[in-house]
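Residue numbers (the numbering used here), protein chains in the order written: chain S, 128 to 274; chain C, 128 to 274.
Glycine residues also receive a C-beta, built at the ideal position from the N, C-alpha and C atoms.
Below is one structure; the comments refer to it alone.
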DNA sequence: TTGAAAATATTGAATATTCAACGATTGAAG
DNA sequence: CTTCAATCGTTGAATATTCAATATTTTCAA
């Protein structure tokens, strides 16, 4: 008698795969827009986080922009060369470095933001207002439940 | 008079960011489980796709496992060395290569699948049955609307 | 106060990914 | 038929990321 082979879940039904696929696609679109300014998505994130004008340590920043430390250090090196951001030693804890956005960085950040907003609006149009906010809500809650 | 500064959307409210964050977290968890067998997530995907026993061309496979062509070629090279998969020239179109899973690959694939299913169950527990299926539905629809 | 442990950021070597170019094969127009 | 463009997969060089080790500073217990 033939072994009753239970049909294996196709990969397209795994949450991990759906997230990877959606992320890849949305990221690709954003990348395309930001490439108008020649800036990778990660630099947009960095500039956006620093836009509050406060100093942020490297560790804090790495968490916020979803990059691990060595990668961030090297990306920041480039951004310092481009005078988009600058380092200041934290006076309260000299192990730390505080990152600040420069005036040039602020100007670029504004341009990037409007490109990113463009994309969000484009998604809203094709995907719908309701779906978008519901998806955001569910993603936030998934992230919460994973900590 | 002070310039009326409209508060900038925080990065945590962008869909692109939420997707990246959720993907990173879920992927990290899956990676952790699969590391028990010393296999990266991408190889699990490849083995899973090839598990149907059919031959899949490199291009088809690259799309399915979310890898670009050169990266896939090099990963397949490693998997061929490990005798998990093998190449066959497509007799109908000699530009193409058909990939097949080996017996060893099938054995490994089964182990990996149960690790992946473990994870899905863990998510279901902490995140809830309803939320999970709703999230999957929304992700599928987002992906659809992006094509 | 001292000394060991933890936290922070960076570095260099090893590894992986990407970009552009290539060779081989097929398709299709003239 | 012949030729030219398109498709498919791979390669090598350039680039980026990661891992492990390091230097510095702080924390905290003895």
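Residue i versus the options, residue with shortest Cα-Cα distance
{"i": "residue 156 of chain C", "options": "S/219, S/144, S/199 and S/235", "result": "S/144"}
{"i": "residue 169 of chain C", "options": "C/223, C/231, C/189 and C/181", "result": "C/189"}
{"i": "residue 176 of chain S", "options": "C/140, C/179 and C/263", "result": "C/140"}
{"i": "residue 166 of chain S", "options": "S/256, S/239 and S/247", "result": "S/239"}
{"i": "residue 163 of chain S", "options": "S/245, S/135, S/215 and S/216", "result": "S/245"}
{"i": "residue 182 of chain S", "options": "S/221, S/231, S/230 and S/214", "result": "S/214"}
{"i": "residue 138 of chain C", "options": "S/179, S/152 and S/142", "result": "S/179"}
{"i": "residue 159 of chain C", "options": "C/221, C/255, C/242 and C/197", "result": "C/242"}
{"i": "residue 222 of chain S", "options": "S/267, S/161, S/136 and S/186", "result": "S/186"}
{"i": "residue 233 of chain C", "options": "C/220, C/255 and C/209", "result": "C/209"}
{"i": "residue 274 of chain C", "options": "S/197, S/248 and S/152", "result": "S/152"}
{"i": "residue 247 of chain S", "options": "S/219, S/136 and S/161", "result": "S/161"}
{"i": "residue 135 of chain S", "options": "C/237, C/201 and C/202", "result": "C/237"}
{"i": "residue 230 of chain S", "options": "S/219, S/201, S/207 and S/220", "result": "S/207"}
Expected contact under 8 Å - CB spacing of residue i and residue j to nearest Å
{"i": "residue 184 of chain C", "j": "residue 225 of chain C", "result": "6 Å"}
{"i": "residue 147 of chain S", "j": "residue 150 of chain C", "result": "6 Å"}
{"i": "residue 174 of chain S", "j": "residue 269 of chain C", "result": "Actually they do not touch by this definition, with Cβ atoms about 26 Å apart."}
{"i": "residue 192 of chain S", "j": "residue 172 of chain S", "result": "4 Å"}
{"i": "residue 258 of chain S", "j": "residue 235 of chain C", "result": "Going by Cβ atoms, the distance from residue 258 of chain S to residue 235 of chain C rounds to 38 Å, so no, they are not a contact pair."}
{"i": "residue 142 of chain S", "j": "residue 228 of chain C", "result": "No, residue 142 of chain S and residue 228 of chain C are not in contact; Cβ-Cβ is about 24 Å, not under 8 Å."}
{"i": "residue 272 of chain C", "j": "residue 254 of chain S", "result": "5 Å"}
Helix, strand or coil at residue i according to DSSP, with G and I counted as helix
{"i": "residue 222 of chain C", "result": "coil"}
{"i": "residue 260 of chain S", "result": "helix"}
{"i": "residue 236 of chain S", "result": "helix"}
{"i": "residue 184 of chain S", "result": "strand"}
Ranges of the alpha helix (DSSP H) found wholly within the stretch 137-182 of chain S, counting only runs of at least 4: If we require 4 residues or more, the alpha helix (DSSP H) runs fully inside the stretch 137-182 of chain S come out as 142-161 and 168-177.
Against chain S: residues of the stretch 160-174 of chain C by CB proximity under 8 Å: 168 and 172
Against chain S: residues of the stretch 144-155 of chain C by CB proximity under 8 Å: Cβ contacts with chain S come from 144, 145, 146, 147, 148, 149, 150, 151, 152, 153 and 154.
Chain-ordered residues of the stretch 171-204 of chain S with a beta carbon less than 9 Å from chain C: Within the stretch 171-204 of chain S, the residues whose Cβ lies closer than 9 Å to some Cβ of chain C are 171, 172, 175, 176, 178, 179, 191, 192 and 193, listed in chain order.
Members of the stretch 208-219 of chain C that neighbour chain S once the beta carbon cut-off is set at 9 Å: none
Positions along the stretch 250-269 of chain S whose CB lies within less than 7 Å of some CB in chain C: Among the residues of the stretch 250-269 of chain S, those with a Cβ less than 7 Å away from any Cβ of chain C are 250, 253, 254, 258, 259, 261, 262, 263, 265, 266, 267, 268 and 269, in the order of the chain.
Chain-ordered residues of the stretch 234-251 of chain C with a beta carbon less than 8 Å from chain S: 240, 243, 244, 246, 247 and 250
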